[in-house]
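Read top to bottom, the protein sequences are chains F and Y. Taking my numbering, I'd label the letters of the first sequence as residues 1 to 291. Taking my numbering, I'd label the letters of the second sequence as residues 292 to 614. Ideal placement from N, C-alpha and C gives every residue a C-beta, glycine not left out.
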Amino acid sequence: MSQDRRMLFWRRARQEMAFLVFRLAVLVVLGALGGILLYVLIQGAGAISWEFLTAAPRDSMTKGGIFPALMGTLYLTLGAVLVALPLGVAAAVYLSEYATEGRVLRLVRLGIANLAGVPSVVFGLFGLALFVGYFKLGISLAAGSLTLGLLILPTVIGAAEEALRQVPGTFREASLGLGATRWQTIRKVVLPAALPGILTGSILGVGRAAGETAPIMFTAATFFTLRLPSSPLDQVMALPYHIYVLATAGTHIAQTRPLQYGTVLVLISLVLGLSLIAIVIRSRMRRHKKW
Amino acid sequence: MLNPFSGQALAHKGLGRLTSAGIMNRRKRTSTEREVIIRRFFVAAGLFSLVVMTLIVLFLFAEGIGLFRTVSVSDFLLGTAWYPTYDPPDFGVLPLIVGSAAVTLLSSLIAVPLGVGTALYLAEVAGDRTREILKPAVELLASLPSVVLGFVGMVVLAPLMQQWWDIPTGLNVFNASLMLALMAIPTIASISEDALHAVPRELNEASLALGATRWETLTRVQLPGALSGIGTGVILGMSRAMGETMVVLMVAGGAAQIPGSIFDSVRPLPASIAAEMGETPFGSEHYHALFAIGMVLFLMTLAFNLVAAWFSRRFQQKGAATL
């Protein structure tokens, strides 16, 4: 009897040790994330000022602000969303409303899964060959937006499909039962009900587009320009690329350190802020569904 | 998969055939035709991703294949010297492939225990409230831009490493692997956690009811059931680390050599493309060589992704019966 009890004690002890290891793993991961965020916040906060956000770089980028890079990133991201949102929602409508099991669906799923796995630098090469070279857009806002748009397409499809699937089947049945066609049902019932979910999910794609560097290096970004783009065929500065350039290619790398931290802080706030908003809204919506 | 339309659609078609006379029928037919056209449009939108994949392959190979007019495939893949700007240039990518393999392997050695541990904690140990906070935190880590991790590795970690261990440079395999591990952990953790949750509940309950501890239930019942999902997560995490550019561009050191230790600099495949494309004349031999590197990288990650897809299908848990 006492032997049994001792056995049980050891079995419990082994469980507690194992769970302690898992706790440590989580602590390491969160510690790394928290440490990075905190360090950048402390180092970068001093550089942030109104001028930093609204002025162009001066004195071979050792002074001044990041305004052109900030605006460039906003334009690129907006362009990427304009490309990815319609295409992504249409693909998601197919997956959730039209698709039936079979070869076509398997092919579509295969295409989306593999597109999601293509390395971002390969998207950059693809954008360079197709948009910059073949379509003769040159290194431009348009070429970069198209490249980024295709890059975030799988993210948008995934988010939109999840949102569409959360619309209850009874909505569709009610609409069809009233004599509406399939397309009328999708347009007037399913899509409006799924819209908030589609939009929040897409914000995750937006965050990704804003933070990517490799795809725009050869398709859109220039390391220095004073003016904002006046046409889609202009080159633009971008925050991620600006960080890379300041950290590696400048002639005054040590002098610009505070500016670098400031730029990193702005980029992190932008990207993580967007993601956080999307994550919070999404988890709220999952919890209190309206139907 | 539930398709609420299939029954309705059949009934609709049947109805059209029954009322086969007059204006009523004509209006029905045109609206059905419209529905067919709209349906085709959405099928096309679904297939668009596949079209993009095809275009990527086509353009990558069209530009990359140009290199093999002057350099043989075996010289390219097995050559140990990468001096693309010398005269005559050397286009041997073996050091770059080995560099990519080194950072990918080491980063997965770091990321797999941490990622799987995080998943196990989230799925098994954490209470509901802790999980509500931790899951978004892990997602946040996933959305950290890679250039930020590259920057931290380069500006913060590299000088520290140099100081601590008295090594020539902090920009090396180990530093890059640490940063890549941070990118791979969220992928591994979230896919593994989904897999753990997908194991049928009754199996766990049966095990617990027989008197097994939660740990015994986890290792003997739940982990075997979730193994395919965890494997898929690990492979996708490795694929993400292999294709990641900014971290290896900024932190791996950039020396095109076969590393002898984890404190040597390397030049993984994506780093070479990103560093050199800017200074390469359009259409030159070097330009084609960088696309050829892109082909190699694309095929390597594609292989990983296909293995992951096969893995998740092959060992899929189909209800309680397959265990």
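Excluding sequence positions up to five before and after Y:M470, its CB lies within less than 6 angstroms of the CB of L440, G444, V538, V542, all in the same chain and listed in chain order.
Taking the beta carbon of F:I36 as reference, the chain Y residues within 7 angstroms of it are V443, listed in sequence order. With respect to the 9 angstroms criterion, F:E97 and F:I186 are classified as neighbours on the basis of their beta carbons. Residues of the stretch 211–236 of chain F with a C-beta less than 8 angstroms from any C-beta of chain Y: G211, E212, T213, A214, M217, F218, listed in chain order.
At least 9 angstroms separates the beta-carbon of F:G46 from that of F:G273. For the stretch 577–604 of chain Y, the set of positions with a beta-carbon nearer than 7 angstroms to some beta-carbon of chain F reads F582, G585, L588, F589, T592, L593, N596, A600 in chain order. Between the stretch 558–567 of chain Y and the stretch 90–110 of chain F there are fewer than three C-beta pairs closer than 8 angstroms, too few to call the two in contact.
In this structure the stretch 134–148 of chain F lies against the stretch 197–216 of chain F, because at least three pairs of beta carbons, one per stretch, are closer than 8 angstroms. A contact is defined here as three or more CB-CB pairs under 8 angstroms, and the stretch 352–359 of chain Y meets this definition with respect to the stretch 576–586 of chain Y.
If you compare the alpha carbons of Y:I388, Y:A372, Y:V389, Y:L387 with that of Y:D381, the shortest gap goes to Y:A372. Straight-line measurement puts the Cα of F:L246 at about 10 angstroms from the Cα of F:A254. A residue is called buried once 16 or more other Cβ atoms fall within 10 Å of its Cβ, and F:W183 is buried on that count. Each of Y:A336, Y:V348, Y:Y412 was checked against the Cα of F:A25, and the nearest Cα belongs to Y:Y412.
Identification of chain F residues near Y:M537 by a Cβ-Cβ cut-off of 8 angstroms yields T213, A214, P240, Y244, ordered along the chain. The DSSP-derived three-state label of Y:V403 is helix.
When only Cα atoms are considered, F:A91 and F:H252 end up about 48 angstroms apart.
F:P192 is outside the set of residues whose beta carbon lies under 9 angstroms from a beta carbon in chain Y. Looking at the DSSP output, F:V236 sits in a beta bridge with F:A221. Y:M533 and Y:G502 have their C-alpha atoms roughly 44 angstroms apart. Remark: fewer than three beta-carbon pairs, one from each stretch, lie closer than 8 angstroms, so the stretch 484–493 of chain Y and the stretch 552–561 of chain Y are not flagged as touching.
Residues of chain F with a Cβ closer than 9 angstroms to the Cβ of Y:V439 are, in chain order, I36, V40, G211, P240, I243, V264, L267, I268, V271. Those residues of the stretch 320–341 of chain Y placed with their C-beta closer than 9 angstroms to a C-beta in chain F are S322, T323, R325, E326, I329, R330, F332, F333, V334, A335, A336, G337, L338, F339, S340, L341, ordered along the chain. Take the alpha-carbon of F:R11 and the one of Y:G406: they are about 25 angstroms apart. Annotated as distal: F:G211 and Y:L341, with beta-carbon spacing of 9 angstroms or more. The beta carbon of F:P68 sits no closer than 9 angstroms to any beta carbon of chain Y. Within chain Y, F350, L351, A353, E354, F582 have C-beta atoms less than 8 angstroms from the C-beta of F:A129, given in sequence order. Between F:A91 and chain Y, the shortest Cβ-Cβ separation is below 9 angstroms. Rounded to whole angstroms, the Cβ separation of F:I203 and F:I277 is 6 angstroms, and the two are in contact under 8 angstroms. Interface flag for Y:W506 against chain F is set, since a Cβ pair is found closer than 9 angstroms. Residues of chain Y whose Cβ lies closer than 7 angstroms to the Cβ of F:L276 are, in chain order, L431. Taking 9 angstroms as the CB threshold, F:Y94 lines the interface with chain Y.
Here Y:A599 really is in contact with Y:I526; their C-beta atoms are around 4 angstroms apart, less than 8 angstroms. Proximity of F:Q255 to chain Y, defined by a Cβ-Cβ separation below 9 angstroms, is not satisfied. The beta carbon of F:L137 lies closer than 7 angstroms to those of F131, A143, L233 in the same chain, with the five residues before and after it left out. Assignment of Y:K426 by DSSP, reduced to helix, strand and coil, places it in the helix class. The alpha-carbon separation between F:A209 and F:A80 amounts to approximately 7 angstroms.
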